[in-house]
Amino acid sequence: MSTKRWIALISAAALVVVSIGVNSLSYIFTRDFNALFEDSFAMGGPTYEETVLEQGDSNERIAVLNVSGVIQDTGPASPFAAPGYNHQNLLSQLADIREDQSVKGIVLHVDSPGGGVVESSDIYDELISIQENRDIPIYVSMGSMAASGGYYIAAPADKIFVHPETITGSIGVIMESLNYAELADKVGIDFNTIKTGPYKDIMSPNREMTQTERDMLQEMINDSYERFVGIVADGRGMSVANVKKVADGRIMNGRQAIESGLADDYGKLPDVIDALITEQGFKNPTVFEYSSSDSLSSIFGTSVSGLFKKNAETELIQKLLTDYQAPRMMYLYGER
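Encoded structure:
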């Protein structure tokens, strides 16, 4: 057997081993361990609780919501991972606020590069529902980053506050995939695809994309972009034309965001809470935030994740285990 054949055979075997390994680890690390032990520990219900930041009138409360990390619904958190963004928890918190008549205001603290178009829309819809059904003020405090989907969910707020060094903007949509067909061809790997239509494997990493396929996907992207622009225009009281002047994917700092009309003022989270209390005429409100409850996952995740130091290898493994495999439209800025 020739050297080239040996290289192709070894490469193919390596791909099979890696694929099996990743799938096995993904199953282990992403299983819902709460469900596994539910009967023994009688676990259930929400995985968050209220933590009082400032005690005051229990009938006049301000809820502080935190959106930190990529806005993506990755399902139940792994007990081997540190606590992070939990999409279903956030939606439940918003639903609780909508029904809780004692909550008179919301401070949404955003520190996120954005995320999925559907997840961002979920949060936006819940905030609009609260505004329409409860008519309570919503102030946004932007952290180090509130870009793309992070700005999308901030757009309907009554006021948006930034830090001078906040990275925001990145209004737009992105969808991408890898193409390793040429590499596979060099090492002699063939892909056998059986499909029901010419576009069933659109954006496949095994072949070049056709212009027709690119045009089809661009139309989808354009639709999502126009919705994004419309949401910003409605939320900020701007014309679509003025929004589009800065809605070309560019990022901006706090000063630029204020000057372009995408934000209102400077302020860190405590400043934003104080501004909401003062400007909305609250007397002595209770300020609270939601925090993770002591479920098995949070205890397990905190203790186990602490055993592993952050390095390139562990971050790569985490990315492999949590990233979606299929290309999807994203309101996301930064590394994907």
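Numbering (UniProt numbering), first residue to last: 1 to 336. Every residue, glycine too, gets a C-beta built ideally from N, C-alpha and C.
If you run the structure through DSSP and keep just helix, strand and coil, what is residue i?
i      : result
Glu259 : helix
Asp271 : helix
Lys104 : strand
Thr212 : helix
Lys159 : strand
Asn222 : helix
Val173 : coil
Thr278 : helix
Ile231 : helix
Val187 : coil
Tyr152 : helix
Val140 : strand
Ile97  : helix
Asp265 : strand
Ile251 : strand
Val240 : helix
Ile130 : helix
Gly44  : Note that Gly44 scores 49 on pLDDT, short of 50, meaning its location in the model is unreliable and no value can be drawn from it.
Glu135 : Inspection of the sequence shows that residue 135 is occupied by Asp rather than by Glu. Note: Asp135 maps to coil in three-state DSSP.
On the criterion of 16 or more Cβ atoms from any shown chain inside 10 Å, does residue i qualify as buried, or is it exposed?
i           : result
Met220      : exposed
Ala257      : buried
Phe191      : exposed
residue 406 : What the structure shows of the chain is the stretch from 1 to 336, and residue 406 is not part of that stretch, so it cannot be assessed.
Arg207      : exposed
Val52       : exposed
Asn86       : buried
Ala241      : exposed
Asp122      : buried
Glu99       : exposed
Tyr27       : Reliability of the predicted coordinates at Tyr27 is poor, the pLDDT of 46 falling under 50, and the value obtained from them is presented with this limitation in mind. Looking at its Cβ environment, which holds fewer than 16 other Cβ atoms inside 10 Å, Tyr27 is exposed.
Tyr333      : buried
Gln72       : buried
Ala95       : exposed
Ala247      : buried
Ser291      : exposed
Ala326      : exposed
Leu183      : exposed
Val156      : Val is not the amino acid found at residue 156; the sequence shown has Pro there. Label assigned to Pro156: buried.
Ser120      : buried
May I ask you to list the residues that DSSP assigns as paired with residue i?
i      : result
Thr166 : Thr166 is not bridged to any residue.
Asn66  : His109
Ser120 : Partner(s): none; Ser120 has no beta bridge.
Ser291 : Glu49
Gly115 : Ile71, Tyr331
Asp57  : Pro285
Met203 : None, per the DSSP bridge assignment.
Ala181 : DSSP lists no partner for Ala181.
Ala146 : Ser112, Thr168
Check the C-beta distance from residue i over to residue j and give it rounded, since I have them as a contact under 8 Å.
i      : j      : result
Phe282 : Glu60  : 6 Å
Ile136 : Gly105 : 6 Å
Gln93  : Leu65  : 6 Å
Met330 : Gly116 : 6 Å
Phe161 : Asp264 : 7 Å
Ser148 : Ser170 : 4 Å
Val103 : Gly150 : Wrong, their Cβ atoms sit about 23 Å apart, outside the cutoff.
Glu132 : Asn253 : Going by Cβ atoms, the distance from Glu132 to Asn253 rounds to 33 Å, so no, they are not a contact pair.
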